[in-house]
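Whatever position you read off the sequence shown (first residue = 1), add 1 for this note's numbering. The beta carbon of each residue, even a glycine, is placed where N, CA and C say it ideally should be. Predicted, not measured: the structure shown is a model, and the values here were computed from it. Before any comments, here is the structure.
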Amino acid sequence: MKIAVLGLGKMGFRIAQKLHQEGHEVIAWNRTPKEITGIEIVETIQDLSTKLGKPRVFWLMLPAGEPTQNVLDEVQKNLQKGDIVIDGGNAHFKDTEKRYQHFKDLGIEFLGIGVSGGIIAAQNGYPLMVGGSKIAYQFIMPILDSLSKPNGGHAYFGEGGAGHFVKMVHNAIEYGYMQSIGEGFEVLEKSEYSFDLEKVANLYRKNTLISGFMMDRTAEILQKDPKLESLTGFIGRASGETVWTIDEAKRLGVDMEIIEASLNYRLRSETDPKIQKSFTARMIAMLRNAFGGHEIKQ
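In structure tokens form, the structure reads like this:
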């Protein structure tokens, strides 16, 4: 297929590159000059629209909020009925609802796609959580199939902001899971048994109930830095999905004790020296770096 990718940050760059490697024709735009072998980079959004076939497909990979809205406003100036616009950023599902309805009224097919898997998904395959126009989902399925290879997947969850809602909850669960790994391994690290933590992590990977993506990253981290001595436990703030999930849980009358506590722990890590020195916080910071490329503080 032929597709325009707007935004060549950590995720957008890799998505554009993977689609090109899978045989799709990719044209890209970025706010600052950037080069990707085999992909044409244009200077303006208007240039994109002249180089695409119909229906034209625009995939945005930009920070949520104002940056995304500003580019959507520019894209809209160049749209025709039947074109497809995809927001692959971590937008609030309510914003996606509004955008879906706005573009639907204009005859434009809009998708909000939650993109997971971090920076290593380009090799492992992206998990893609789709909401919005079902017609558009069916049309771009070859793109989603390519991005999902070899071990990812994609699913359509309904109109409006459904896909971004699923991604929002995913990211909140992620907080609690990383917190549990950090706390558990700190207990192991402080034990009188002098455990080889990498050996523990590698066994935990072997079909245990906590095996999987995060435990794989844990083993990789401990192989490189067994005592996590290369950083402080300043975890840093991610985007707002976990806060949004907690707000939505309160609206729905759902208790979120674990996830809310893990969010508060992260916020406290910015100022509390005791947390910053802890193995738990250092593990969480390293996990975020390992799968998402998030900055760590030495």
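Asked, Found
"Compute the beta-carbon to beta-carbon distance between Ile-247 and Glu-261, rounded to the nearest angstrom, for a pair I have assumed lies under 8 Å.", "5 Å"
"Report, in whole angstroms, the separation of the C-beta atoms of Trp-60 and Leu-129, which I expect to be a contact under 8 Å.", "Wrong, their Cβ atoms sit about 11 Å apart, outside the cutoff."
"Could you compute how far the alpha carbon of Ile-259 sits from the alpha carbon of Val-201?", "24 Å"
"Would you check if there are 3 or more beta carbon pairs closer than 8 Å linking the region 234-243 to the region 143-161?", "no"
"Are the CB atoms of Gly-161 and Tyr-101 within a distance shorter than 7 Å?", "yes"
"For Arg-256, which three-state DSSP category applies?", "It should be pointed out that residue 256 corresponds to Asp in this sequence rather than to Arg. Reduced to three states, the DSSP call for Asp-256 is coil."
"Judging by CA-CA distance, which residue of Gly-118, Val-86, Asn-91, Lys-99 is the nearest neighbour of Leu-112?", "Val-86"
"Measuring alpha carbon to alpha carbon, tell me which of Lys-298, Asp-48, Ala-282 ends up nearest Gly-177.", "Ala-282"
"From the DSSP output, in three-state form, read off Leu-7 for me.", "strand"
"Can you tell me where the alpha helix (DSSP H) holding Leu-73 begins and where it ends?", "67-77"
"Which stretch, first to last residue, makes up the beta strand (DSSP E) that contains Glu-175?", "Element bounds for Glu-175: not the beta strand (DSSP E) but the alpha helix (DSSP H), 163-191."
"For the structure I just gave you, are there three or more beta carbon pairs, one from the region 73-84 and one from the region 49-58, closer than 8 Å?", "yes"
"Answer with buried or exposed for His-93, where buried requires no fewer than 16 other C-beta atoms within 10 angstroms of its C-beta.", "buried"
"Which runs of the alpha helix (DSSP H), 4 residues or longer, sit entirely within the region 270-297?", "274-278, 280-293"
"Using a Cβ-Cβ cut-off of 7 Å (strictly less than) and excluding sequence neighbours within five positions of Met-169, which residues of its own chain qualify?", "Phe-94, Glu-242, Trp-245, Thr-246"
"Look at Phe-280 and Arg-218 and say whether their C-beta atoms are less than 7 Å apart.", "no"
"Can you find the residues in the same chain that come closer than 7 Å, C-beta to C-beta, to Gln-22, ignoring five residues on each side of it along the sequence?", "none"
"Would you identify the three-state DSSP class for Asp-146, choosing helix, strand or coil?", "helix"
"Should Asn-91 and Gln-47 be called a contact, given that it needs their Cβ atoms to be closer than 7 Å?", "no"
"Can you tell which of Lys-298, Lys-191, Glu-249 has the C-alpha that lies nearest to the C-alpha of Ser-231?", "Lys-298"
"Please report the straight-line C-alpha distance between Ile-285 and Pro-274, rounded to a whole angstrom.", "15 Å"
"Could you please give the first and the last residue of the uninterrupted alpha helix (DSSP H) stretch that includes Met-216?", "214-225"
"In chain order, what residues of the same chain have a beta carbon less than 7 Å from the beta carbon of Ile-144, not counting five sequence neighbours either side?", "Met-2, Ile-4, Leu-20, His-25"
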